[in-house]
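In the numbering used here, the protein residues as written are 1 to 198.
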């Protein structure tokens with residue numbers, strides 16, 4: 001009887017430890033998918049050259065990814081706030097989402113879509129959402145995230161960032177929390193396909 005209890009107790013401990021280990025692994029994989037993405041502005045000139053015409057004022061480019069909840073939250077925010085005065089705002093959607101495109105266009109945003117693989121590989125847009133401000137001379141004045149935390153507890157800071165840039169202040173780039181774009185990077189971050197599928 002004591003041997004049977006010892007075996008049951010040993011199996012109970014083993015199962016509890018296994019549950020903790022699996023929960024930790026699952027949590028780590030899901031968290032890794034929402035760590036700040038490295039911002040790589042090297043692909044911006046090629047991306048921005050896709051847009052026709054020139055504009056002599058401040059510009060904002062909002063990069064969002066289809067199927068990314070973080071990007072959808074930013075898109076909802078943009079739809080509700082609408083474009084800011086005296087700022088040309090464009091939205092680039094990495095991937096395909098016709099409903100999202102229509103909602104943003106209806107809210108007076110200029111919207112461009114491009115395949116997610118092209119966004120990641122050609123334009124180095126490895127994560128979204130991503131915010132870029134261009135000064136009137138066309139130089140990148142800011143390339144980073146929208147908020148200091150992944151949950152945007154401090155709210156989206158794009159309007160504040162733009163005001164600071166207009167005033168000539170330097171702005172610390174915020175981390176770009178969100179989802180990764182491109183299959184290769186998705187597989188590297190999520191090898192089990194828990195977030196990004198197989």
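No residue lacks a Cβ here, since even glycine has one placed at the ideal position from N, Cα and C. On a predicted model such as this, the values are computed, not experimentally measured, just so you know.
Roughly how many whole angstroms lie between the Cα atoms of residue i and residue j?
i, j, result
"residue 52", "residue 96", "Low local confidence applies: a pLDDT of 49 at residue 52 is under 50, so the model's placement there is unreliable, with the coordinate-based value given in what follows. Going from the Cα of residue 52 to the Cα of residue 96 covers about 21 Å."
"residue 93", "residue 76", "13 Å"
"residue 151", "residue 145", "12 Å"
"residue 177", "residue 9", "43 Å"
"residue 119", "residue 11", "49 Å"
"residue 65", "residue 102", "15 Å"
"residue 81", "residue 73", "12 Å"
"residue 170", "residue 63", "22 Å"
"residue 112", "residue 104", "10 Å"
"residue 117", "residue 127", "11 Å"
"residue 56", "residue 90", "15 Å"
"residue 84", "residue 125", "24 Å"
"residue 181", "residue 147", "19 Å"
"residue 165", "residue 149", "21 Å"
"residue 68", "residue 100", "12 Å"
"residue 160", "residue 114", "28 Å"
"residue 175", "residue 86", "26 Å"
"residue 158", "residue 138", "18 Å"
"residue 156", "residue 179", "17 Å"
"residue 168", "residue 123", "28 Å"
"residue 61", "residue 98", "19 Å"
Quick one: what's residue i bridged to in DSSP?
i, result
"residue 110", "90"
"residue 132", "61, 143"
"residue 66", "Answer is none; residue 66 lacks a bridge partner."
"residue 95", "In the DSSP output, where bridge partners are listed per residue, residue 95 has none listed."
"residue 127", "180"
Could you tell me whether the Cβ atoms of residue i and residue j are closer together than 9 Å?
i, j, result
"residue 88", "residue 58", "yes"
"residue 140", "residue 134", "yes"
"residue 136", "residue 70", "no"
"residue 153", "residue 109", "no"
"residue 143", "residue 163", "no"
If you follow the alpha helix (DSSP H) that residue i is part of, which residue opens it and which one closes it?
i, result
"residue 166", "158 to 166"
"residue 116", "116 to 121"
Just to confirm, does residue i get its C-beta within under 8 Å of one of the non-hydrogen atoms of the ligand GTP?
i, result
"residue 70", "Inclusion of the ligand GTP in the displayed structure is not the case, the ligand content being empty and no account of it being possible."
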